[in-house]
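Residue numbers (my numbering), protein chains in the order written: chain A, 21 to 296; chain B, 4 to 64.
See the structure below:
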């Protein structure tokens, strides 16, 4: 974390809280007053809720062991989401107690956590609570913003200097698939712009979940965009797609090993830097 | 038996046993991860190879 940004964390928290009074944190622009108990698309009022914190070694190798804090609530409705239950009913998760969480962060560091990994749901919709938390922890901690990157400028501005690493989960490669699979037609355009912005002030790793059968419409356009715009970025291709029990648009099968290899070959042929 | 698949509720964990014997844990917590390590020390987060049988693999996003 940048020390100056760390000192400003509580001031930034106030700005984020003010944004909740007519919520415009994400492109949904619900406009509800979350401080008055109203809930927007993400299902959250102004209480920040966490459904899990754990030490995890399944993230990209340079980040692990990583202390994951899962914030409930999301601004997307991915049909294949593996924590959909927490995003559809975020109020089922416990309210975060900042003091307790600070102790857990210290404990996880003593267990060997290399990074503090903020994820969801989508952390952006809990921005005010995250800023408060970051203001209370040791600024030497390496913070990972593990996000779908679907948020408005205010989030990027208030996180400058606080997140060391953006683990940008860039899904889909066109508006049609984003609308059908994520429930957000403008997702790809917004997320790509936010990745470019993040790259100006932080270290970025782009993660792309390979969807079975979505090579031409999603994988290829994503790799092409990366190669043309940020060819130096580290790319993590994820082969762990899990078909939902019930699907309307989402693929109904697991990815095959050869499909993952094919995707990696395609990325390498475009000169992209793959990481595991 | 219900006709529709069970829909996870907050607090539930889902473990799938696939036709090829592969075991998939969906977003396991620490306890389930420990169980997976005991059952299959070489478990991973990567997709199984074709014909892979009896491996316990964790899938988390």
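Ideal Cβ positions, reconstructed from N, Cα and C, are used throughout, including at glycine. As the structure is a computational prediction, the values presented were derived from the model and not from experiment.
Chain order gives no chain B residues near residue 182 of chain A, where near means a beta carbon separation below 7 Å; the closest approach is about 24 Å. According to the DSSP secondary-structure assignment, residue 186 of chain A is paired through a beta bridge with A/165 and A/224. For residue 189 of chain A, the closest C-alpha among the options A/119, A/138 and A/271 is that of A/138. By the 16-neighbour rule on beta-carbons within 10 angstroms, residue 175 of chain A is buried. Per the Cβ contact rule, the stretch 109-128 of chain A is not in contact with the stretch 43-50 of chain A (fewer than 3 Cβ pairs under 8 Å). With fewer than 16 other Cβ atoms inside 10 Å of its own Cβ, residue 81 of chain A counts as exposed. Using a Cβ-Cβ distance cut-off of 8 Å, the stretch 53-69 of chain A and the stretch 207-226 of chain A are not in contact, since fewer than three pairs of beta carbons, one from each stretch, lie closer than that value.
The beta-carbon separation of residue 185 of chain A and residue 210 of chain A, rounded to 20 Å, does not stay under the 8 Å limit for a contact.
Contact of residue 128 of chain A with chain B by beta-carbon distance below 7 Å is absent, the smallest such distance being about 11 Å.
By the beta-carbon neighbour count (other beta carbons within 10 angstroms, threshold 16), residue 191 of chain A is buried. Taking a 10 Å sphere around the C-beta of residue 244 of chain A, we find fewer than 16 other C-beta atoms and assign the residue as exposed. According to DSSP, residue pairing for residue 88 of chain A in a beta bridge involves A/74 and A/137. Within chain B, the residues whose beta carbon sits less than 9 Å from that of residue 266 of chain A are 7, 8 and 10, listed in sequence order. Chain A places a beta carbon closer than 7 Å to that of residue 30 of chain B, counting this residue as a contact. DSSP places residue 29 of chain B in the uninterrupted beta strand (DSSP E) bounded by 26-29.
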